[in-house]
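Peer 1: The following block contains the structure, expressed as structure tokens.
2 protein chains.
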Amino acid sequence: MIYTSDSIEATVEMFSALPTIGRKTAQRLTFFLLRQPDEVVHKFAKTLIDLKNNVKYCSICFNFTESDPCPICASTKRDETILCVVEEPNDVFAIEKTNEFNGKYHILHGALNPLDGIGPEEIKIRELIQRLDGTVKEIILALNPNVEGEVTTQYIAKMVRPLGISVTRIARGVPIGTDLEFADDATISRALQGRGTV
Amino acid sequence: MIYTSDSIEATVEMFSALPTIGRKTAQRLTFFLLRQPDEVVHKFAKTLIDLKNNVKYCSICFNFTESDPCPICASTKRDETILCVVEEPNDVFAIEKTNEFNGKYHILHGALNPLDGIGPEEIKIRELIQRLDGTVKEIILALNPNVEGEVTTQYIAKMVRPLGISVTRIARGVPIGTDLEFADDATISRALQGRGTV
Numbered sequence: 002m003i004y005t006s007d008s009i010e011a012t013v014e015m016f017s018a019l020p021t022i023g024r025k026t027a028q029r030l031t032f033f034l035l036r037q038p039d040e041v042v043h044k045f046a047k048t049l050i051d052l053k054n055n056v057k058y059c060s061i062c063f064n065f066t067e068s069d070p071c072p073i074c075a076s077t078k079r080d081e082t083i084l085c086v087v088e089e090p091n092d093v094f095a096i097e098k099t100n101e102f103n104g105k106y107h108i109l110h111g112a113l114n115p116l117d118g119i120g121p122e123e124i125k126i127r128e129l130i131q132r133l134d135g136t137v138k139e140i141i142l143a144l145n146p147n148v149e150g151e152v153t154t155q156y157i158a159k160m161v162r163p164l165g166i167s168v169t170r171i172a173r174g175v176p177i178g179t180d181l182e183f184a185d186d187a188t189i190s191r192a193l194q195g196r197g198t199v
Numbered sequence: 002m003i004y005t006s007d008s009i010e011a012t013v014e015m016f017s018a019l020p021t022i023g024r025k026t027a028q029r030l031t032f033f034l035l036r037q038p039d040e041v042v043h044k045f046a047k048t049l050i051d052l053k054n055n056v057k058y059c060s061i062c063f064n065f066t067e068s069d070p071c072p073i074c075a076s077t078k079r080d081e082t083i084l085c086v087v088e089e090p091n092d093v094f095a096i097e098k099t100n101e102f103n104g105k106y107h108i109l110h111g112a113l114n115p116l117d118g119i120g121p122e123e124i125k126i127r128e129l130i131q132r133l134d135g136t137v138k139e140i141i142l143a144l145n146p147n148v149e150g151e152v153t154t155q156y157i158a159k160m161v162r163p164l165g166i167s168v169t170r171i172a173r174g175v176p177i178g179t180d181l182e183f184a185d186d187a188t189i190s191r192a193l194q195g196r197g198t199v
């Protein structure tokens with residue numbers, strides 16, 4: 002594509018490299034920023050630098066944090082006997098939004114995927130086991146409902162159960178607010194298997 | 002939403018402020034950047050600073066450019082007797098991609114919109130008239146096919162015709178590659194009115 006400026010080309014390329022952003026959106030974002038005052042764009046750049054400088058991993062739960070341990074691990078108001086295990090930091094925010102969980106977290110940073118060479122050593126499973134020093138009574142596995150999540154769930158359950166810790170997983174079923182007819186077969190199967198009394 | 006870091010919150014807010022990016026995508030982009038090496042994010046920030054520092058308006062056509070006049074205005078290989086008038090710099094790139102046009106451009110930076118207080122002084126119409134010093138023989142109006150584009154087209158046509166310059170507009174009709182049944186009424190009406198011999 003013929004741009005009249007290398008800087009525009011470079012910015013479009015850069016935005017295109019981000020997930021979910023195609024070339025047309027990248028171009029739109031670039032022209033949007035060109036029309037903004039200098040301060041806005043400089044603040045944008047500074048925010049990104051700050052992000053990388055300030056954010057690190059919590060040494061306990063491996064969530065992103067600015068202080069170590071992270072606010073959740075440091076909190077005395079949260080139940081440290083229940084640990085919710087998730088794949089990615091965004092999953093923590095998704096669960097926190099619901100205000101349903103008051104325990105602590107452990108972020109695996111991935112799921113087991115032997116085909117892609119992701120074994121137990123590549124994700125934070127060893128670190129999870131090391132945290133189980135007697136305080137934790139229940140582990141809730143909240144992994145993604147796909148093959149990798151399933152394999153990881155079974156693997157962790159097998160390792161943790163012998164320690165006398167209760168291992169649960171979040172329910173799989175028909176999502177709230179949808180029509181049953183739009184749910185796929187696998188979801189409906191799971192929902193039937195996991196039926197409960199009314 | 003409860004993030005464990007102000008920097009993450011700030012970055013999500015910043016991405017959310019961009020057009021076409023909602024909060025969920027903003028969060029995804031933020032976590033994507035957090036997983037990138039420092040160099041990638043620093044380069045991202047630098048690219049944005051360079052964009053604002055290097056890119057200015059061409060003093061002739063008002064396109065974005067790093068050199069003034071811009072490469073298109075400076076080119077001696079392009080036909081300076083034909084001027085294509087567009088609303089925004091992105092329109093130039095859309096037209097350049099087709100390799101159909103070898104004249105020069107004029108960017109209005111908007112269209113007339115009396116309801117929003119956008120009059121002829123708010124866009125580059127005066128600058129367009131000042132360019133018509135006898136070299137330009139034809140003006141192609143390539144404005145957006147909506148009310149504002151139509152008003153601006155009529156306004157410019159009325160000002161330019163008395164100067165003995167030919168004023169044309171790009172054809173409106175059924176877009177290539179679509180099914181006729183999916184085209185809206187207004188487009189089909191225009192296509193019928195603008196019919197040509199086969």
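The listed protein sequences derive, respectively, from chains E and S. Here this note's numbering is used: the first residue of the first sequence is 2, the next is one more, and so on. Here this note's numbering is used: the first residue of the second sequence is 2, the next is one more, and so on. Ideal Cβ positions, reconstructed from N, Cα and C, are used throughout, including at glycine.
Using a Cβ cut-off of 9 Å, pull out every chain E residue sitting near residue 20 (chain S), in sequence order please.
Peer 2: Under the 9 Å cutoff, chain E gives 26, 29, 30, 33.
Peer 1: In terms of residues, what are the limits of the alpha helix (DSSP H) holding residue 81 (chain S)?
Peer 2: Unbroken run through residue 81 (chain S) is the beta strand (DSSP E), 80 to 87; no alpha helix (DSSP H).
Peer 1: Thinking just about the alpha-carbon of each residue, which of E:79, E:83, E:31 is nearest to the one in residue 135 (chain E)?
Peer 2: Cα-wise, what sits closest to residue 135 (chain E) is E:83.
Peer 1: When you compare the CB of residue 11 (chain E) with every CB in chain S, is at least one pair closer than 8 Å?
Peer 2: Yes, contact with chain S.
Peer 1: Hey, residue 20 (chain E) and residue 45 (chain S): beta-carbon distance below 8 Å or not?
Peer 2: No, these two residues do not count as a Cβ contact at 8 Å.
Peer 1: Under 8 Å by Cβ, that's how I've got residue 16 (chain E) and residue 31 (chain E) pegged, so tell me the actual separation to the nearest angstrom.
Peer 2: Indeed they touch by this definition, with Cβ atoms about 6 Å apart.
Peer 1: Using only the alpha-carbon positions, how far apart do residue 110 (chain E) and residue 89 (chain E) sit?
Peer 2: Between residue 110 (chain E) and residue 89 (chain E), the C-alpha separation is close to 5 Å.
Peer 1: Return the CA-CA distance between residue 54 (chain E) and residue 38 (chain S), expressed in angstroms with no decimal places.
Peer 2: Approximately 11 Å, taken between the alpha carbons.
Peer 1: Can you tell me whether DSSP reads residue 55 (chain S) as helix, strand or coil?
Peer 2: Residue 55 (chain S): helix per DSSP, three-state reduction.
Peer 1: Distance, Cα to Cα, residue 164 (chain E) vs residue 112 (chain E)?
Peer 2: If I take the Cα positions, the gap works out to 22 Å.
Peer 1: In this structure, does DSSP put residue 150 (chain E) in helix, strand or coil?
Peer 2: Residue 150 (chain E) falls in the helix class under three-state DSSP.
Peer 1: Apart from the five residues just before and just after residue 59 (chain S), which ones in its own chain have a Cβ nearer than 7 Å to its Cβ?
Peer 2: Cβ within range, chain order: 66, 69, 70, 71, 74.
Peer 1: Using the beta-carbon of each residue, which ones in chain E are nearer than 9 Å to residue 71 (chain S)?
Peer 2: Near residue 71 (chain S) (Cβ distances below 9 Å), the residues of chain E are 5, 6.
Peer 1: Which residue or residues does DSSP assign as beta-bridge partners of residue 104 (chain E)?
Peer 2: Paired residues: E:80.
Peer 1: Please classify residue 125 (chain E) as buried or exposed, where buried requires at least 16 other C-beta atoms within 10 Å of its C-beta.
Peer 2: Residue 125 (chain E) is buried by the Cβ-count criterion.
Peer 1: With a cut-off of 8 Å, does the C-beta of residue 121 (chain S) fall near any C-beta of chain E?
Peer 2: Taking Cβ atoms only, chain E never reaches closer than 8 Å to residue 121 (chain S), which makes this a no.
Peer 1: Does any CB atom of chain S fall closer than 8 Å to the CB of residue 49 (chain E)?
Peer 2: So yes, residue 49 (chain E) belongs to the interface.
Peer 1: Roughly how many whole angstroms lie between the Cα atoms of residue 153 (chain E) and residue 161 (chain E)?
Peer 2: Residue 153 (chain E) and residue 161 (chain E): Cα-Cα distance of roughly 12 Å.
Peer 1: Please name the residue, chosen from E:130, E:192, E:188, that lies closest to residue 62 (chain E) on a Cα-to-Cα basis.
Peer 2: The candidate whose alpha carbon is nearest that of residue 62 (chain E) is E:130.
Peer 1: So which residues on chain E does residue 52 (chain S) lean against when the C-beta distance must stay under 8 Å?
Peer 2: Residues of chain E passing the Cβ test: 8, 9, 11, 12, 31, 34, 35, 42.
Peer 1: Ends of the alpha helix (DSSP H) at residue 31 (chain S)?
Peer 2: Looking at the DSSP string, the run of the alpha helix (DSSP H) that includes residue 31 (chain S) is 24 to 36.
Peer 1: List the residues of chain S whose Cβ lies closer than 8 Å to the Cβ of residue 91 (chain E), in chain order.
Peer 2: Within chain S, the residues near residue 91 (chain E) are 28, 29, 32.
Peer 1: Compare the beta carbon distance of residue 166 (chain S) and residue 133 (chain S) with 8 Å and say whether it is the shorter of the two.
Peer 2: Yes; because the gap between Cβ atoms is below 8 Å, this pair is in contact.
Peer 1: Any idea if residue 116 (chain S) is buried or exposed, counting beta-carbon neighbours within 10 angstroms, 16 or more meaning buried?
Peer 2: By the neighbour-count rule (16 or more Cβ atoms within 10 Å), residue 116 (chain S) is not buried but exposed.
Peer 1: What does residue 65 (chain E) touch in chain S if you count any residue whose Cβ is under 7 Å from its own?
Peer 2: Under the 7 Å cutoff, chain S gives 5, 6, 9, 35.
Peer 1: Between E:159, E:121, E:147, which lies nearest to residue 187 (chain E) when the distance is taken from Cα to Cα?
Peer 2: Checking every option, the nearest Cα to that of residue 187 (chain E) belongs to E:147.
Peer 1: Please confirm whether residue 56 (chain S) and residue 9 (chain E) have their CB atoms less than 8 Å apart.
Peer 2: Yes, the Cβ-Cβ distance between residue 56 (chain S) and residue 9 (chain E) is below 8 Å.
Peer 1: Mapping the DSSP letters down to three states, classify residue 97 (chain S) as helix, strand or coil.
Peer 2: Correct three-state label for residue 97 (chain S): helix.
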